[in-house]
Every structure is written in structure tokens, then in C-alpha cells.
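Worksheet: the structure to be examined is printed underneath.
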Amino acid sequence: DTTRGPLSVTLQVLGEVDGDCILTRGGASVGDDIHVTGTLGDAAGGLDLLSRSMSRAGAAHRVLASRFLAPKPRIAAGIALRGLASAAIDVSDGLLADLGHLCRASGGAACVDVERLPVSRELRELFPARDAESWALTGGDDYELCFTAPPSRRRAIEQALSACGTPVRRIGQLREGRGVHGRRNGRSVALPVTSGYSHFGENLAASATARMRGGE
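Numbering-wise (this note's numbering), the sequence shown opens with residue 304 and increments by one.
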């Protein structure tokens with residue numbers, strides 16, 4: 304049981320993969336680029352709208368609600384990245400939390416350029432820039448892929464993901480050290496204290512909604 308809720312439902316899937324095609328959290332090296340697919344923060348925005356019964360108010364509302372209720376895992380992108388990415392993880396708990404898992408497994412520190420975070424037009428349209436950025440960093444439930452790769456593979460990655468219709472954005476670099484750090488236009492910036500979903504802690508989306516309504 305890995306959650307604090309009253310009900311726990313577990314599904315286990317087993318499969319086989321060639322040894323040279325395995326992509327884990329632990330293969331990144333210092334100097335690797337950090338990339339993410341798609342856009343981040345949409346699911347958290349959708350949850351906020353649903354909690355306020357606003358998911359049917361317009362096209363942008365419906366897009367974000369759908370991103371929360373019916374996420375589409377990047378299976379084709381994961382397959383396309385075999386042999387290109389050095390490490391990968393899906394963004395389910397939030398970018399900062401999941402990138403932190405990758406850093407711990409690989410032995411390095413992540414430097415994220417927050418101005419390069421991929422945020423959708425719908426999220427920017429419906430929420431203040433501060434909330435959109437916060438959810439892109441910590442929201443979770445987007446199920447996009449966060450992955451690393453050597454800089455020499457940038458063009459090959461763009462071509463491979465373009466071929467399967469997957470947008471991709473380079474958002475930072477792996478460096479020596481520990482943890483996940485932020486910078487904006489080359490200068491260090493503080494990142495949210497809460498890095499993402501905690502299975503036994505405070506619900507992140509609820510706390511983000513409370514901050515927004517309270518005007519903090």
C-alpha cells in the first residue's frame with residue numbers, strides 16, 4: 304500500500320525487453336541534456352477546474368479537464384527514444400519530484416531553465432503565469448516523459464519524436480552534485496518547496512488551489 308487513501312487497487316504488468324533496449328532512471332551522465340515531451344501542468348489545471356465545476360465553461364477548460372481525466376502516456380515516444388535517451392521517467396508525481404528520482408538514481412544534479420518549461424496555451428489562457436509555472440514544475444499527472452541524452456543527440460531526438468508526432472523541449476542539463484535546481488535567464492531562482500505529489504503528505508493540487516484562491 305503506497306497511498307494514504309482508504310482504497311488501494313494494484314495492477315501489475317509483466318513483459319520482456321531486449322537487454323540493450325532497457326531505459327531506466329539510472330543511466331544519465333553529467334553533461335546530459337534534460338528534455339520533456341508535450342506540455343506540463345495541464346492536469347493540475349484541469350483538476351482545479353473540475354474541483355470548481357468549471358470543466359465545461361469553454362474549449363480551453365475542456366482541454367485541461369481531459370488532460371487530467373484521460374491522460375495519454377507517451378508510449379510511441381518511449382519506443383522512439385530507445386538508443387537515444389540515457390535515462391527516462393514519466394512525470395506522474397510532478398517534474399521536480401520525478402526529475403529528483405532520476406537524479407538520485409543516476410548520481411547527479413539537475414539544473415532546470417524555468418523559462419523553457421513547456422506550458423500549453425490553454426493553461427496560460429486560464430491561469431496566472433505564476434500558477435501555470437508552479438503547476439508545470441510540481442503538478443503531476445501529465446504522464447509526459449522526462450529524459451536525458453548527450454547534447455550530440457539533439458537533432459536525432461528531434462527527428463525521432465517528430466516522426467511520431469511528439470513535441471519535445473530541452474529544459475536543462477545534468478551537472479555534478481545533488482538535487483534539482485532552477486535558473487531563469489542564467490540566474491539561480493528558488494523552486495517550490497513542495498516538489499510534487501507525496502503519497503502520504505498533503506495533496507499538492509489542493510494546496511496549489513488554496514494558494515491561488517488565497518492570493519498568496
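Think of the CB as a built atom: it goes at the ideal place given N, C-alpha and C, for glycine as much as any other residue.
Is residue i helix, strand or coil when you go by DSSP?
| i | result |
| --- | --- |
| residue 429 | helix |
| residue 396 | coil |
| residue 423 | coil |
| residue 382 | helix |
| residue 449 | strand |
| residue 478 | strand |
| residue 339 | strand |
| residue 567 | No answer is possible for residue 567: the residues shown for the chain start at 304 and end at 519. |
| residue 503 | Reliability fails at residue 503, whose pLDDT of 45 lies under 50, so the model's placement of it is uncertain and the value that follows must be treated cautiously. Correct three-state label for residue 503: coil. |
| residue 328 | coil |
| residue 323 | helix |
| residue 373 | coil |
| residue 457 | helix |
| residue 368 | helix |
| residue 439 | helix |
| residue 347 | helix |
| residue 408 | helix |
| residue 317 | coil |
| residue 334 | coil |
Figure out for me which residue from the options has the closest Cα to the Cα of residue i.
| i | options | result |
| --- | --- | --- |
| residue 423 | 334, 381, 344 | 344 |
| residue 382 | 400, 362, 463 | 463 |
| residue 395 | 368, 367, 379, 439 | 439 |
| residue 368 | 326, 444, 432, 436 | 444 |
| residue 475 | 468, 469, 310, 491 | 491 |
| residue 393 | 375, 387, 312 | 375 |
| residue 454 | 466, 472, 431 | 472 |
| residue 407 | 477, 387, 320, 308 | 477 |
| residue 416 | 458, 465, 494 | 494 |
| residue 399 | 321, 489, 456, 442 | 442 |
| residue 467 | 340, 481, 389, 366 | 340 |
Return yes when the Cβ of residue j is within less than 8 Å of the Cβ of residue i, no when it is not.
| i | j | result |
| --- | --- | --- |
| residue 428 | residue 363 | yes |
| residue 413 | residue 338 | no |
| residue 370 | residue 397 | no |
| residue 379 | residue 469 | yes |
| residue 452 | residue 336 | yes |
| residue 411 | residue 479 | yes |
| residue 459 | residue 352 | no |
With 16 as the cutoff for other CB atoms within 10 Å, does residue i come out buried or exposed?
| i | result |
| --- | --- |
| residue 418 | exposed |
| residue 511 | Low local confidence applies: a pLDDT of 43 at residue 511 is under 50, so the model's placement there is unreliable, with the coordinate-based value given in what follows. Residue 511 comes out buried. |
| residue 449 | buried |
| residue 377 | buried |
| residue 384 | buried |
| residue 523 | This structure does not reach residue 523, given that the chain is present from 304 up to 519, and the question cannot be answered. |
| residue 328 | buried |
| residue 401 | buried |
| residue 313 | exposed |
| residue 354 | exposed |
| residue 528 | Nothing about residue 528 can be reported from this structure: the residues present for the chain run from 304 to 519 only. |
| residue 420 | buried |
| residue 425 | buried |
| residue 372 | exposed |
| residue 405 | buried |
| residue 326 | buried |
Which one or two residues does DSSP pair with residue i in a beta bridge?
| i | result |
| --- | --- |
| residue 491 | 486 |
| residue 415 | 475, 485 |
| residue 362 | Per DSSP, none; premise fails for residue 362. |
| residue 390 | 451 |
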